[in-house]
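Mature numbering (1 follows the signal peptide of the UniProt record, and there is no 0) puts the sequence shown at residues -24 to -1, 1 to 186.
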Amino acid sequence: LACRRTFIFLPKCLLAMCPYNCFTGPAGTPGREGNPGTNGIPGTPGIPGRDGLKGEKGECINEIFEEPWRPNYKQCAWNSLNYGIDLGKVADCTFTKLRSDSALRVLFSGSLRLKCKNACCQRWYFTFNGAECTGPLPIESIIYLDQGSPELNSTINIHRTSSVEGLCEGVKAGLVDVAVWVGTCADYPRGDASTGWNSVSRIIIEELPK
């Protein structure tokens, strides 16, 4: 009798399950990356954090911005006043004061003369709106004459350029009438006064910061 062989071809998947004659094939080509996925569902809000520690108290700084100081001055001048009064106003000069917290520096420069037969004294002084300075004291200059001889006193007639100068505080802002007056000294008789003879006289006013 002839012997017949029968061959049965099975799929690879069945061959892999076969306990006999199992073979591993070569690795396949790597696949391409897939498309990006869609966004996920938003998460729920977290729990609110606790308040932080209280900070230290800050410093309070007040900034004061002041306008820069501007020079403010004026001069009034006269040629040969030749004012021979013994009591009264000699000359005046109107000034515009910009601030109430400033001081006024005033100067009178001119020829002064005093003569008399007996002891005498005359006083030249400033006023501000008709009143003498009180911050801190009046601004004045005096001439006292006493030669001890009536005969000699009657011939003395010396004119000298002199000045009356000072600072006055407490004058309010606005128009200020600054004037120079001549008067008597306390407890002394007046003499024959003369102001501004044969020369230039001037009043200079300047506003200064305190």
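Even glycine gets a Cβ: it sits at the ideal position worked out from N, Cα and C.
DSSP three-state assignment for residue i, whether helix, strand or coil
i: Ala169; result: strand
i: Tyr120; result: strand
i: Asn133; result: coil
i: Val147; result: coil
i: Arg75; result: coil
i: Gly7; result: coil
i: Glu141; result: strand
i: Cys92; result: coil
i: Asn48; result: strand
i: Gly31; result: coil
i: Gly64; result: strand
One or two residues paired with residue i in a DSSP bridge
i: Arg178; result: Ala53 and Ser85
i: Val154; result: Cys69 and Phe104
i: Pro185; result: Ser78
i: Leu160; result: The sequence given here has Thr at residue 160, not Leu. Note: Thr160 sits in a beta bridge opposite Gln98.
Cα-Cα separation between residue i and residue j, rounded to whole angstroms
i: Pro112; j: Cys144; result: 7 Å
i: Glu141; j: Trp45; result: 23 Å
i: Leu83; j: Glu32; result: 57 Å
i: Thr70; j: Trp157; result: 15 Å
i: Lys73; j: Asp153; result: 10 Å
i: Leu121; j: Pro165; result: 11 Å
i: residue 253; j: Asp168; result: Outside the shown range of the chain, which is -24 to 186, sits residue 253, and nothing can be said about it.
i: Ile23; j: Gly4; result: 51 Å
i: Lys93; j: Thr160; result: 16 Å
i: Pro114; j: Asn48; result: 22 Å
i: Ala149; j: Leu80; result: 11 Å
i: Ile118; j: Glu43; result: 40 Å
i: Pro2; j: Pro18; result: 44 Å
i: Gln51; j: Ile134; result: 27 Å
i: Cys109; j: Thr103; result: 6 Å
i: Glu35; j: Pro21; result: 38 Å
i: Thr14; j: Pro6; result: 24 Å
i: Gly25; j: Gly16; result: 26 Å
i: residue 196; j: Lys30; result: Residue numbering for the chain in the displayed model covers -24 to 186; residue 196 lies beyond these limits and cannot be assessed.
i: Ala53; j: Trp100; result: 17 Å
Nearest-angstrom Cβ-Cβ length linking residue i and residue j, presumed shorter than 8 Å
i: Lys186; j: Ser76; result: So it is not a contact: roughly 10 Å between Cβ atoms.
i: Gln98; j: Asp62; result: 7 Å
i: Asn55; j: Val147; result: So it is not a contact: roughly 29 Å between Cβ atoms.
i: Ala162; j: Lys65; result: About 20 Å separates the two Cβ atoms, so there is no contact after all.
Do the stretch 155 to 172 and the stretch 85 to 97 meet, that is, are 3 or more Cβ pairs less than 8 Å apart?
yes
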